[in-house]
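Visitor: The structure is given below, and queries will be raised subsequently.
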Amino acid sequence: MKKFLFLFFFLLTSALVHAQYGTINAILDRLEERRGLNQNLKNIHLDDVKFVLIKDFEDHTERNFIILKGKNATFAEVFDDKATGTTNSNVFSGDAVRSNRNVISVRFDQLEGKKIPVPVTKTLLLTQQQKILYLIDLNTKDRWIEESALNRK
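So, in structure tokens, the structure goes:
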């Protein structure tokens, strides 16, 4: 009888642990997705996809755009001065390289068609959360969001 009760409690405990394992596994999957780890985004094409980053400061607002077209990339900075209401912009162009691990390296070596001595470089991690694409700058941790996702909301 003691062996039967021990076996019953052992099976009940293992069933409960197995149920909790499924919950813990689902939580870990969501956390990995949020951090951008272990995502297979090789089949996502980034041709003509525009990513946006907006920063609001006390005296000005920065709107940054990255447009990827195959191996070419364009980076636009738009500065809106709050005091005077003027807008200034810089448009950089260059090339992009996408690795197998969802890392995109971009190098912008031309400012409005003219070569610049020190190129602007960015290393970005492509992630997807709730069917929205993001680029996370690996150096500054800035999150660029897909522009079409902003228009959907």
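Per numbering that gives the first Met the number 0, the very first residue in the sequence shown carries number 0; after that it's consecutive.
Where is the CB? At the ideal position from N, CA and C, for every residue including glycine.
Just so we're clear, the structure is a prediction, and the values are computed from it rather than from any experiment.
Grab the span of the beta strand (DSSP E) containing L132 for me, first residue to last.
Guide: Here residue 132 refers to the residue found at position 133 of the sequence shown. Start and end: 131-136.
Visitor: Just grab the DSSP bridge partners of V117 for me.
Guide: Working through the sequence shown from its first residue, we reach residue 117 at position 118. Partner(s): none; V117 has no beta bridge.
Visitor: Would the stretch 48-64 and the stretch 76-91 be scored as touching if the rule is three or more Cβ pairs under 8 Å?
Guide: yes
Visitor: Check whether the Cβ of E61 sits closer than 8 Å to any heavy atom of the ligand GTP, and report yes or no.
Guide: For the structure depicted, the ligand GTP is absent and the ligand set is empty, with no information on it obtainable.
Visitor: Please report the distance separating the alpha-carbon of V48 from that of D136.
Guide: Residue mapping note: residue 48 aligns to position 49 of the sequence shown, counting from 1. Residue mapping note: residue 136 aligns to position 137 of the sequence shown, counting from 1. Each residue's alpha carbon lies about 17 Å from the other.
Visitor: Please check the pair L52 and W143, which I expect to be a contact at CB under 8 Å, by giving their CB distance rounded to whole angstroms.
Guide: If you number the sequence shown from 1, residue 52 lands on position 53. If you number the sequence shown from 1, residue 143 lands on position 144. So it is a contact: roughly 5 Å between Cβ atoms.
Visitor: Would you mind giving the Cβ-Cβ distance between A95 and A75, rounded to the nearest angstrom? I have them listed as a contact below 8 Å.
Guide: For the purposes of this step, residue 95 is identified with residue 96 of the sequence shown, where counting begins at 1. For the purposes of this step, residue 75 is identified with residue 76 of the sequence shown, where counting begins at 1. Incorrect: roughly 15 Å between the Cβ atoms, too far for contact.
Visitor: Could you tell me which of L40, F91, D46 sits nearest to P116, measuring between CA atoms?
Guide: Along the sequence shown, read from residue 1 onward, the residue named residue 116 stands at position 117. Nearest of L40, F91, D46 to P116, Cα basis: F91.
Visitor: Which one of I131, V105, G69 has the shortest CA to CA distance from A148?
Guide: Stepping through the sequence shown from its first residue, residue 148 is reached at position 149. Nearest of I131, V105, G69 to A148, Cα basis: I131.
Visitor: For a test of the three-state rule: what should DSSP assign to L123, helix, strand or coil?
Guide: To locate residue 123, count along the sequence shown from 1; it is residue 124. Of the three classes helix, strand and coil, the one that applies to L123 here is strand, per DSSP.
Visitor: If the criterion is Cβ atoms closer than 9 Å, does the pair L123 and L110 meet it?
Guide: What you label residue 123 is simply residue 124 of the sequence shown in a count that begins at 1. What you label residue 110 is simply residue 111 of the sequence shown in a count that begins at 1. It is not a contact, given that the beta carbons lie outside the stated cut-off.
Visitor: Which of the three DSSP states, helix, strand or coil, is assigned to T83?
Guide: One-based indexing of the sequence shown puts residue 83 at position 84. Looking at T83 - three-state DSSP - the assignment turns out to be coil, as it is neither helix nor strand.
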